[in-house]
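**Q** Could you have a look at this structure, given as structure tokens, before my questions?
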Amino acid sequence: MAVETRRLLTTSKAISEAIAQEMERDPRVFVMGEDVGVYGGIFGATEGLLAKFGPERIMDTPISETAFIGTAIGAAISGMRPIAELMFVDFFGVCMDQIYNHMAKIHYESGGNVTVPMVLTTAIGGGYGDAAQHSQTLYGLFAHLPGMKIVVPSTPYDAKGLMISAIRDDNPVVYFFHKGIMGLGWMTPNPRATGEVPEEPYTVPIGKADVKRAGGDVTIVTVSLMVHRALDAAEDLATEGIEAEVLDLRSLVPLDREAIVESVRKTHRLLVVDEDYGSFGMSGEVITTAIEGAFDHLDAPPARLAYPDVPVPYSRPMEQFCLPDREKIAAAARQLVKG
Amino acid sequence: MAVETRRLLTTSKAISEAIAQEMERDPRVFVMGEDVGVYGGIFGATEGLLAKFGPERIMDTPISETAFIGTAIGAAISGMRPIAELMFVDFFGVCMDQIYNHMAKIHYESGGNVTVPMVLTTAIGGGYGDAAQHSQTLYGLFAHLPGMKIVVPSTPYDAKGLMISAIRDDNPVVYFFHKGIMGLGWMTPNPRATGEVPEEPYTVPIGKADVKRAGGDVTIVTVSLMVHRALDAAEDLATEGIEAEVLDLRSLVPLDREAIVESVRKTHRLLVVDEDYGSFGMSGEVITTAIEGAFDHLDAPPARLAYPDVPVPYSRPMEQFCLPDREKIAAAARQLVKG
Amino acid sequence: MPSNETLRALHHQMVRIRVFEETLQKIYFEGKTPAFDIAAGPVPGEMHLAAGQEPVAAGVCAHLRPTDAVTATHRPHHVALAHGMDMQRLAAEIFGKETGLGHGKGGHMHLFDPATNFGCSGIIAEGMPTAVGHALAFKKLGRDDIAVSFFGEGAANQGAFHESLNLAALWKLGVVFVCEDNAWAISVPKDKATAIANNSDRASAYGMPGVLIPDNDPVAVYEAAGEAVARARRGGGPSLIEIKTDRLLGHFEGDPQLYRTKAEMETVTQRDAIRRFERQLIESGAMTQPDLDQVWEAARAEVAEAVEFARSSPYPAPEAALLHVFA
Amino acid sequence: MPSNETLRALHHQMVRIRVFEETLQKIYFEGKTPAFDIAAGPVPGEMHLAAGQEPVAAGVCAHLRPTDAVTATHRPHHVALAHGMDMQRLAAEIFGKETGLGHGKGGHMHLFDPATNFGCSGIIAEGMPTAVGHALAFKKLGRDDIAVSFFGEGAANQGAFHESLNLAALWKLGVVFVCEDNAWAISVPKDKATAIANNSDRASAYGMPGVLIPDNDPVAVYEAAGEAVARARRGGGPSLIEIKTDRLLGHFEGDPQLYRTKAEMETVTQRDAIRRFERQLIESGAMTQPDLDQVWEAARAEVAEAVEFARSSPYPAPEAALLHVFA
Ligand SMILES: Cc1ncc(C[n+]2csc(CCOP(=O)(O)OP(=O)(O)O)c2C)c(N)n1
Ligand SMILES: Cc1ncc(C[n+]2csc(CCOP(=O)(O)OP(=O)(O)O)c2C)c(N)n1
Ligand SMILES: [Mg+2]
Ligand SMILES: [Mg+2]
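Residue numbers (the working numbering), protein chains in the order written: chain S, 1 to 339; chain F, 1001 to 1339; chain C, 2001 to 2327; chain V, 3001 to 3327.
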């Protein structure tokens, strides 16, 4: 009798497993950040690692993001492969110089002679009442700045494979995990935050988008938690006879422009869904990419459903009003298809 | 006999005159920053002010951008109207938290009860060999973040009027001046960096784009120094019978979307020129705006000519290769029109 | 020794803060049991309570006027209340209601109150430069108001601490920097984060006085703050006060605190500053047990009323999210 | 007192740096006269020269190996040369040539040299955390190499200073922090920026030794650095050394220095550390005038060769701008 064995992990477990396997494989890999030790990372990305690797390799830091991210840079130059965690992406402002002016540029400034192989992990996303300084996504801002790869996984499988790729990459990689996909016990449950994850190490290539659902009527391009919202919406749309293709970019830098163009050439319609602020961000870049590569294939102007250009409000009715969700995505896609 | 009297000022003089006039009008206005005193600001934006107003109102600061920009925030809340200078926009990374998480959000977080009337001035732009950490423009990054107005003047006239508007605005305004338009004695001369400026105080509205040259064949949307490059290109194009309309956005937040759409509906063709990095920035936002408002009026896919997604290289041939210029703009516009 | 009236006022302040925090703790878990979901219930998001740190807020703010500026942290309620913030509007904001201080936009980490010139924020050390700015404005405006910046011992390793203290000292501004050393920054103990034992020793790096209050005693805080506030008010420049205080609860509610030993938890509970202070008040004759009971009762009534106000207030309209980006 | 050999080595280092900087100064103005245009000539952009600050670089770097890491600032040439950077590739980088350290991509503020584990950057205090990271790597790799972070007195008011010193001290890393106090941060004098007189006094805020060298003396620097380097190497943790040094030239070339009095300029020129050191060398008999002359001559030859190499090297291809964003 054949027994189906599926190995289901939450995204946070998938990430910590990836880190653990790479740490076992490569003694140069270590982790630094606030509360990454005993606490296991506020969002569980380093859970269990302290017990396994001890405080020399899983290092709690002072609240000194500039210092410890800069420390990761120096350590990377001198032969280590650090993983540094910026607890919430919202905190980038206290340490962005180290990230974008130093980490991201050294390889270029050195004419290719110095590499900075490090991973900067950080949590994104709202929806749980954490207000203006703890709920942002901001990947669009990082993607605007050259020299760092930008990874934004949506599933446990991708999360593990992309983390292993990130650690093995010789470039600085910023790895954004959405709190809402981590599968944490204390967040609103998301059935899609758990998924099949092979035990053995594997990589998912950075720079390749992934069709998470195929469809011929409209392309929905997005990342991270919004992939799941889009899949939910696609189910609703399917009952109406609209087949949405959901394209998960998985990384913003490099951006898989071919995949965007290819899908739009097939469906002739594009909706970009973005939990980051709407203006001057990902939504405009994806739409422009489609325009550049598939202008003559479009049956309707590409549309976007993004976070409005307002700080994240605290109160639930206002926050929910701002967030793209299943209904809003379905409505926007329906509008694109039916006009 | 009538004598024509034209009052010509450089942009830097126009800015310092605006500040001086507002300081005379309003005792709450004062200036803080590195080298804004005796030195008069590295790019001359505060030249002559120390002599006029003394060190109590023109305050040199330590190299502590987080502290002095935060100080401006507190002073603004408690009744002053500070102007803080971040010497180069490239330095935003050491103090961005104060700017985007605090200055930009307090009014919103307070539900409208607290205002933060301050101006943050900063220098942008390259082209003179100052390399990766002193040559960026980055206004697209600031424009992505809600809660601050983003002003990017191109002419002495606009610079003065927009500065007065910025100082009188009850919101935080980030005012970007391009080194190449300041009319400094030590920068490559730019004849357009000097222009007629009325002596009396006047305002230019924040949020209104300006047609700097009318034309019917193609719309070139840009800001700051690139307005002048576009005007130069438009002259060349005119000799070929192509009439380019040059739309100077003047501010990115609020963005004058109507003006973009209106111009594109007229010319049916759009070229965005951007000295900021190409991806995830202004160029995509302007193109998307045109798509949203004028999709059916377009005779060709909108195009962009932006700084490539690479850190600014030091060596002249490489830097010039990256920068949009008169020839590249003309070529891109020509391509749009002639196909 | 302060007057009995002052001692009673300190006690009253501490008690109403404690009752507020304990009440909020209960409310926070409404809708979050049996399965804890941070997004659920009347009060979503992170909740940082200051139970145990009342001596700091009460002792310092006793010297302040509503026109003095105060900047606080992600753990702001004790300071907000001690500085005179309206408890009802505070509660309503925490409930995300239209009647809240920020009409529900700010939430518990982002409280801004023009009536008491109070502000706080969720980014570590972010409010320290703001305090310097308030003080600069007061100097420019010729006011003898001052600014007080509260921050945790964890925040003292953030660059903004250094820059703010240097600037305040350089410009001789009327700022009192108050370091609440509760020994923990989430799960990271002080000695795993700070190269020296006492942050007050860092005052010398800026040429300002540094005072250490080693035992979370409200009277000691009151006295040290009195001096610092008076110095600031008379133009004598900034000071740094460090108080060894106690975080009686988790970093945020729902924190399992696995990083803390049972022994440590017991020790801090045992040395609860309010209970110790009450013993002293009774011993010195400043208050009787019935006096104390009355204070607690009044505090419970005040807090109940504030909570009732918050509960019964309407939510803001969803579309109100789009308002107040710009003035 | 160091050996005569060491004294001569210090002298030689200082002289070659000085000749390099003075030569560069002349070259910088090529193409920029009569009208100064920062974009023109063989060397565009800002140019920060370190003439006067040679004792710091020579005295500290004399103790270093190529495997020790050094992070420097926007004013990096003296340190780069003293740490052993190839002068030809340095010059070529400054000329923006293909043969430069970074193939012309970095320029004078962004020099990265794997051969000497050297890096610098144009953002104030940006390299301080990097140095901590190098030292951490060495500890993890079991190497007894150390890291040295050079920074100006202006940088000591930046948050990164505070965070870096705390972290290095906390983790007992082998870092030597070297503060070059040349009294100026562009046009802002030290006392208008720093609340205390000596940054070395700030070492106590981190529990690390702080040493003040008051007079730009290469031997004093050499001795203090020797101790600090030895301590770092044997696992004894970080130190802070502050040197009162002199900026003989403008902040950058083309700086009219209107903020400096003529008297001050004369004073610093008069007390030129190299000339003073040469007088001592002659007095002590360590070197004769002909010895000195020979050093200058050799330095001129070395610099001329480097400049010739830079001048005759080809520019990178314009499209090379698109390379090396990613490895
Ligand atoms: C810049 C920044 N880094 C990290 C955090 C996450 N964080 C929130 S509270 C906290 C601990 C703060 O410790 P402390 O300053 O001692 O204050 P306490 O919580 O003990 O009151 C941390 C790390 C943050 N909010 N901002
Ligand atoms: C974060 C940041 N702020 C400001 C500047 C502009 N800037 C360049 S050099 C300098 C002065 C630095 O003074 P100091 O640290 O004493 O070094 P010195 O120039 O005297 O060698 C300033 C303000 C910068 N490069 N980076
Ligand atoms: Mg604490
Ligand atoms: Mg200096």
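Backbone N, C-alpha and C define an ideal beta-carbon position, used for all residues, glycine too.
Predicted model, so just to flag it, every value in this text is computed and none were measured.
Identify, in the order they occur along the chain, each residue of the same chain with its Cβ nearer than 6 angstroms to the Cβ of residue 2232 of chain C, setting aside the five sequence neighbours on each side.
**A** The residue labelled residue 2232 of chain C in the question sits at position 232 within the third sequence. 2146, 2174, 2176, listed in sequence order.
**Q** Give the residues of chain S in contact with residue 1209 of chain F, contact being defined as C-beta atoms less than 7 angstroms apart.
**A** The residue labelled residue 1209 of chain F in the question sits at position 209 within the second sequence. Residues of chain S passing the Cβ test: none, with the nearest at roughly 15 angstroms.
**Q** Check each residue of the segment 85-103 of chain S: if its Cβ is closer than 7 angstroms to any Cβ of chain V, include it; give the result in chain order.
**A** 97, 98, 101, 102
**Q** In chain V, which residues lie less than 8 angstroms from residue 318 of chain S when you measure between Cβ atoms?
**A** Locating residue 318 of chain S in the first sequence gives position 318, where the first residue counts as 1. Ordered by position in chain V, no residue passes the 8 angstroms Cβ test against residue 318 of chain S, which lies about 34 angstroms from the chain.
**Q** In the structure shown, what three-state DSSP assignment does residue 2201 of chain C receive?
**A** To locate residue 2201 of chain C, count along the third sequence from 1; it is residue 201. Helix at residue 2201 of chain C.
**Q** Taking just the CA atoms, how far does residue 1214 of chain F sit from residue 272 of chain S?
**A** Residue numbering aside, residue 272 of chain S sits at position 272 when the first sequence is read from its first letter. Residue numbering aside, residue 1214 of chain F sits at position 214 when the second sequence is read from its first letter. Straight-line measurement puts the Cα of residue 1214 of chain F at about 33 angstroms from the Cα of residue 272 of chain S.
**Q** Can we say the segment 115-123 of chain S touches the segment 61-80 of chain S, given the rule of at least three CB pairs closer than 8 angstroms?
**A** With the cut-off at 8 angstroms, the segment 115-123 of chain S and the segment 61-80 of chain S touch.
**Q** How is the alpha helix (DSSP H) around residue 2284 of chain C delimited, first residue to last?
**A** Position 284 of the third sequence, counted from the start, is the residue given in the question as residue 2284 of chain C. Looking at the DSSP string, the run of the alpha helix (DSSP H) that includes residue 2284 of chain C is 2273-2284.
**Q** Among F:1149, F:1188, F:1198, which has the Cα closest to the Cα of residue 1174 of chain F?
**A** The residue you call residue 1174 of chain F lines up with position 174 of the second sequence. Selected option, being the one with the closest Cα: F:1149.
**Q** What are the boundary residues of the beta strand (DSSP E) that residue 1304 of chain F is part of?
**A** Indexing the second sequence from 1 puts residue 1304 of chain F at position 304. Where residue 1304 of chain F is concerned, the enclosing beta strand (DSSP E) stretches over 1303-1307.
**Q** Just curious, the alpha helix (DSSP H) that residue 3131 of chain V is in, first and last residue?
**A** Along the fourth sequence, one-based indexing puts residue 3131 of chain V at 131. Start and end: 3127-3141.
**Q** If you compare alpha carbons, which of C:2070, C:2201, C:2036 is closest to residue 2150 of chain C?
**A** Position 150 of the third sequence, counted from the first residue, corresponds to residue 2150 of chain C. If we check each option's Cα against that of residue 2150 of chain C, C:2070 comes out closest.
**Q** The beta strand (DSSP E) spanning residue 1310 of chain F covers which residue range?
**A** Residue 1310 of chain F sits at position 310 when you count from the first residue of the second sequence. First-last for residue 1310 of chain F: undefined, no H or E at that position.
**Q** Tell me whether residue 2349 of chain C counts as near ligand 1, meaning its Cβ is closer than 7 angstroms to at least one heavy atom of that ligand.
**A** In the structure as shown, chain C begins at 2001 and stops at 2327. Residue 2349 of chain C is therefore absent and cannot be evaluated.
**Q** For a test of your reading of the model: does the CB of residue 113 of chain S fall under 7 angstroms from any non-hydrogen atom of ligand 3? Yes or no.
**A** Start at 1 with the first residue of the first sequence, and residue 113 of chain S comes out as number 113. No.
**Q** Would you call the CB atoms of residue 3115 of chain V and residue 3066 of chain V closer than 8 angstroms?
**A** By 1-based counting over the fourth sequence, the position of residue 3115 of chain V is 115. By 1-based counting over the fourth sequence, the position of residue 3066 of chain V is 66. Yes, the pair counts as a contact, with Cβ atoms nearer than the cut-off.
**Q** Assuming the contact rule is C-beta atoms closer than 8 angstroms, residue 3110 of chain V and residue 1133 of chain F should be a hit. Round their C-beta distance to whole Å, please.
**A** Here residue 3110 of chain V is taken as the residue at index 110 of the fourth sequence, counted from 1. Here residue 1133 of chain F is taken as the residue at index 133 of the second sequence, counted from 1. With 8 angstroms as the limit, residue 3110 of chain V and residue 1133 of chain F qualify as a contact, their Cβ atoms being about 7 angstroms apart.
**Q** Starting from residue 997 of chain F, follow its DSSP beta bridges and name the residues at the other end.
**A** Residue 997 of chain F lies beyond the stretch modelled for chain F, which goes from 1001 to 1339, so this question has no answer here.
**Q** Can you pull every residue whose C-beta falls closer than 6 angstroms to some heavy atom of ligand 4, listed in chain order?
**A** V:3152, V:3153, V:3154, V:3182, V:3184, V:3185
**Q** Between the segment 1039-1053 of chain F and the segment 1209-1224 of chain F, do three or more beta carbon pairs fall short of 8 angstroms?
**A** no
**Q** Could you tell me which chain F residues have their CB closer than 7 angstroms to the CB of residue 3259 of chain V, listed as they occur along the chain?
**A** On the fourth sequence, residue 3259 of chain V is found 259 positions in, with the first residue counted as 1. Going along chain F in sequence order, the residues near residue 3259 of chain V (Cβ under 7 angstroms) are 1038, 1039.
**Q** Secondary structure at residue 1095 of chain F, three-state DSSP: helix, strand or coil?
**A** The residue given as residue 1095 of chain F occupies position 95 in the second sequence. In the structure shown, residue 1095 of chain F sits in coil (DSSP, three-state: anything other than H, G, I, E or B).
**Q** Do residue 2074 of chain C and ligand 1 come close, with the Cβ less than 7 angstroms from some heavy atom?
**A** Within the third sequence, residue 2074 of chain C is the residue found at index 74, counting from 1. Residue 2074 of chain C: yes, Cβ under 7 angstroms from ligand 1.
**Q** Within the continuous alpha helix (DSSP H) that includes residue 1291 of chain F, where are the two ends?
**A** As a working note, residue 1291 of chain F is residue 291 in the second sequence. 1282-1294 is the extent of the alpha helix (DSSP H) around residue 1291 of chain F.
**Q** Mark residue 3321 of chain V as exposed unless 16 or more other C-beta atoms lie within 10 angstroms of its C-beta, in which case mark it buried.
**A** In the fourth sequence, the residue the question calls residue 3321 of chain V occupies position 321. Classification of residue 3321 of chain V: buried, given that the 10 Å Cβ count is 16 or more.
**Q** Residues of the segment 3081-3100 of chain V in Cβ contact with chain S at a cutoff of 7 angstroms, in chain order, please.
**A** none
**Q** Helix, strand or coil for residue 1030 of chain F per DSSP?
**A** Reading the second sequence from its first residue, position 30 is the one you call residue 1030 of chain F. Three-state DSSP puts residue 1030 of chain F in a strand.
**Q** Are there three or more Cβ pairs, one per stretch, closer than 8 angstroms when the segment 1288-1300 of chain F is compared with the segment 3286-3293 of chain V?
**A** Touching, no, given that fewer than three Cβ pairs across the two stretches are closer than 8 angstroms.
**Q** What does the alpha-carbon distance come out to for the pair residue 1320 of chain F and residue 1313 of chain F?
**A** For the purposes of this step, residue 1320 of chain F is taken as residue 320 along the second sequence, with counting starting at 1. For the purposes of this step, residue 1313 of chain F is taken as residue 313 along the second sequence, with counting starting at 1. So the two alpha carbons sit approximately 9 angstroms from each other.
**Q** Out of S:91, S:276, S:179, state which residue places its alpha-carbon closest to the alpha-carbon of residue 2037 of chain C.
**A** Stepping through the third sequence from its first residue, residue 2037 of chain C is reached at position 37. Answer by Cα proximity: S:179.
**Q** Hey, does residue 3270 of chain V have any beta-carbon neighbour from chain F nearer than 8 angstroms?
**A** By one-based count along the fourth sequence, residue 3270 of chain V stands at place 270. Not closer than 8 angstroms to any Cβ of chain F, the Cβ of residue 3270 of chain V fails to qualify, so no.
**Q** Is residue 2175 of chain C helix, strand or coil when you go by DSSP?
**A** As a first step, residue 2175 of chain C must be located in the third sequence, where it is residue number 175. Here residue 2175 of chain C sits in strand by DSSP.
**Q** Measure the CB-CB distance between residue 2303 of chain C and residue 2052 of chain C and report whether it falls below 8 angstroms.
**A** Position 303 of the third sequence, counting from 1, holds the residue named residue 2303 of chain C. Position 52 of the third sequence, counting from 1, holds the residue named residue 2052 of chain C. Not a contact, by the Cβ cut-off of 8 angstroms.
**Q** Using the beta-carbon of each residue, which ones in chain S are nearer than 8 angstroms to residue 1132 of chain F?
**A** On the second sequence, position 132 is the one that residue 1132 of chain F refers to. The contacting residues are 101, 105, 108, 109.
**Q** Below 8 angstroms between beta carbons: does that hold for residue 3042 of chain V and residue 3030 of chain V?
**A** Here the question's residue 3042 of chain V lines up with position 42 in the fourth sequence. Here the question's residue 3030 of chain V lines up with position 30 in the fourth sequence. Yes, the pair counts as a contact, with Cβ atoms nearer than the cut-off.
**Q** Out of curiosity, what's the CA-to-CA distance linking residue 3240 of chain V and residue 3229 of chain V?
**A** If you number the fourth sequence from 1, residue 3240 of chain V lands on position 240. If you number the fourth sequence from 1, residue 3229 of chain V lands on position 229. The straight-line gap from Cα to Cα measures roughly 11 angstroms.
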